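Read the structure below first, then the notes.
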Amino acid sequence: MKKKADEFKKLMDEMIQALKHEISTGRYEALQYLPSEKMLAERFGLSNNSVRKGLDTLVEEGWIDKIPRVGNRVRFRTAPVALTVLCNPNSVRDVYLEALLADFRTSYPSITVTIRTVDDNPGFAEAPNDVLLLNEYQFRAMVERERAGMLESVPAKEEIYPFLRDWFTHGERLAAQPLVFGPVVLCYNKNHFVECGLQEPNGGWRWSDLMLHARKLTESGHYGFCFHLPALNRWPLFLLQSGEGFQWENGRIRDFRGTRLMEGIRLCKEIIHNRNVFPLYWSEGNNDINQMFLDGKLSMVLTSYLGLNEWKQTSLDYDVSPVPFIAEPRTMAIAIAAGVNADSKHKQEAHLLVDYLSSRHAQRMIRRHTFGVPAFRDAHSGAESGNPQLPSRHSLYREMLFSYRTHRDLNIPVTMIASLFRELKAYWADMIDEDELWERLRTQLTEP
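Numbering (the UniProt record's numbering), first residue to last: 1 to 448.
Spelled out as structure tokens, the structure:
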């Protein structure tokens, strides 16, 4: 019996050495899959169990990776490679990037990844990088500047939400792999509603319902509602909720006075001017509003699932609800994707990192440790994927999928957004009326 066991051990060792040699000589290249266990068993005269033990040895020694339900993939065993991931600071938080890169390093110790953060600006992607994390708005800016070609094509994964793939597709190719997303929602202090004897917000709320409740909440000693107007994912919400985008005629914006689009613009003005609901607070950013909410000074605010990542340590009893609507439910959604720089000197390793970030394993880590929604649909299944810090109504994002909109639904180039907001600010401040707003935009905004 011992002799037979020794023979199997010898055959297994021969298989291990043969596979190591074939990997070293390039017969099986990095990221290539080995033959199936059945084929290896036939080739080396081993049982499936012995083959499995031999492959486990190769995993332990760093030669291959076992990919569940797929096979055994050759691991990188190359000279050290240094990659740079370029992104804005919030993306580091929202993608759980530092922890994911540490996990990635355990499987690929020869690849070192450095994070480089830059502020948002039209040319932020021009800074040296191998992998770029960007949102849908930034991707659109690249497309308009004819810079989408600086991103390598990435394979479309069926497990990724289709609408996310669409947001990062240029022409017929997927230019960046979606990683995480989240809608803009109404966040509310549950205790304030209990104290006032009010029912909590729900998906049927219109803005008139919010204003009615906000007024009662203000009367109880807390301002009922507030948001940071200049935020790029706040003020456009009211335009998008009109159900209309800007229309063009002879290269210029068509007259929008008397349209539903103007109604949305007017509604925003009515809300921010209502001192019985909305405080005269000069916020410098979303964080200022969020802090006032966490301090109990505000009862309701607009925030996004990604923005909730700043609230991990709060003890406040809060929850989320769909944003109130004008005619039909609509909200903004924010998504982050990863792209490979076409000028990278380490494209293979960069693609490997992007593939890892969008893998089931990495996506479940995002699910467990952040408030965003993983782009990988399967990441939501299983009790182990839950995050106990999530607000109780976090799962409502599923019912809101149909209502997601982005800046492109405004039907205006990204390059014109700043000019549009400048004139809207003047209107919202009562410095110009609707007629002058139209005249200013008609002369300033011309279709490219």
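By construction, the Cβ of each residue, glycine as well, lies at the ideal position given by its N, Cα and C atoms.
Owing to the predicted nature of the structure, the values given are computational and were not obtained by experimental measurement.
Asked	Found
Hey, is the region 160 to 170 in contact with the region 280 to 293, meaning 3+ C-beta pairs nearer than 8 Å?	no
Note down, in chain order, each residue of its chain lying with its Cβ closer than 6 Å to the Cβ of asparagine 387, except the 5 sequence neighbours on either side.	Arg368
Comparing C-alpha positions only, which one of Glu146, Ser110, Thr106 sits nearest to alanine 125?	Glu146
Throw me the rounded Cβ distance for the isoleucine 64 and arginine 75 pair, which I believe falls under 8 Å.	6 Å
Run through DSSP, which three-state label would leucine 316 get?	coil
Report the CB separation of alanine 176 from phenylalanine 139 in whole angstroms; it is logged as a contact under 8 Å.	6 Å
If you pair each beta-carbon of the region 329 to 337 with each one of the region 233 to 248, do three or more pairs fall below 8 Å?	yes
Between Gly26, Leu58, Gly45, which has its C-alpha nearest glutamine 17's C-alpha?	Leu58
Verify the CB distance criterion: does histidine 351 have a CB-CB separation below 8 Å to chain D?	You won't find chain D in this structure, because it holds only one protein chain.
Let's test the definition: count the other Cβ atoms within 10 Å of the Cβ of leucine 315 and tell me whether it reaches 16, buried, or not, exposed.	Looking at the sequence provided, one finds serine at residue 315 rather than leucine. Exposed: under 16 other Cβ atoms inside 10 Å.
Taking all protein chains shown into account, do 16 or more other C-beta atoms lie within 10 angstroms of the C-beta of alanine 383, making it buried, or fewer, making it exposed?	The predicted position of alanine 383 is uncertain, since its pLDDT is 43 and thus under 50; no value can be drawn from it.
Tell me which residue opens and which closes the alpha helix (DSSP H) that asparagine 49 is part of.	48 to 60
Check whether the Cβ atoms of leucine 133 and serine 91 sit closer than 8 Å, and answer yes or no.	yes
Buried or exposed: which applies to histidine 273, given that a residue is buried once 16 or more other Cβ atoms fall within 10 Å of its Cβ?	exposed
Could you tell me which whole alpha helix (DSSP H) segments of length 4 or greater appear in the region 53 to 117?	89 to 94, 97 to 107
Closest by CA to glutamate 14, which one among Leu31, Gly26, Ser110, Val51?	Val51
Taking the straight line between their C-alpha atoms, what separation do you get for asparagine 233 and threonine 443?	25 Å
What do you get for glycine 258, buried or exposed, if any count of 16 or more other CB atoms within 10 angstroms of its CB means buried?	exposed
Can you give the Cα-Cα distance for alanine 148 and phenylalanine 8, rounded to whole angstroms?	55 Å
Using the Cα positions of aspartate 209 and proline 324, report the straight-line distance between them to the nearest angstrom.	8 Å
Can leucine 267 and tryptophan 207 be called in contact, C-beta distance under 8 Å?	yes
Here's a check: name, in chain order, each residue in its chain whose Cβ is nearer than 6 Å to the Cβ of alanine 426, leaving out the five neighbours to either side.	Ile432
Report buried or exposed for aspartate 119, applying the criterion of at least 16 other Cβ atoms within 10 angstroms of its Cβ.	exposed
Between the alpha carbons of leucine 357 and leucine 100, how many angstroms are there, rounded?	7 Å
Leucine 424 to arginine 252, Cα distance in whole Å?	17 Å
Could you tell me if threonine 114 is buried or exposed, where buried requires 16 or more neighbouring beta carbons within 10 angstroms of its beta carbon?	exposed
Suppose you measure from the CA of proline 413 to the CA of isoleucine 336; what does that come to, to the nearest Å?	20 Å
What are the start and end residues of each continuous alpha helix (DSSP H) run of 4 or more residues lying completely inside the region 270 to 295, in chain order?	286 to 294
Please report the residue range of the alpha helix (DSSP H) in which proline 178 lies.	Counting along the chain, proline 178 falls outside any alpha helix (DSSP H), though it belongs to the beta strand (DSSP E) covering 177 to 189.
Which of the three DSSP states, helix, strand or coil, is assigned to methionine 332?	strand
In whole angstroms, give me the CA-to-CA distance for asparagine 236 and histidine 222.	Note that residue 236 is proline in the sequence shown here, rather than asparagine. Each residue's Cα considered, the two are about 26 Å apart.
To the nearest angstrom, how far is it from the Cα of aspartate 255 to the Cα of glutamate 436?	12 Å
Counting only the same chain and skipping the five closest in sequence on each side, list residues whose C-beta sits under 7 Å from that of proline 89.	Thr117
What does the Cβ neighbour count give for arginine 405, buried or exposed, with the cut at 16 atoms within 10 Å?	buried
What is the rounded straight-line gap between the Cα of isoleucine 366 and the Cα of tyrosine 96?	6 Å
I'd like to confirm the pairing. Which residues does DSSP put opposite arginine 206 in its beta bridges?	Phe325
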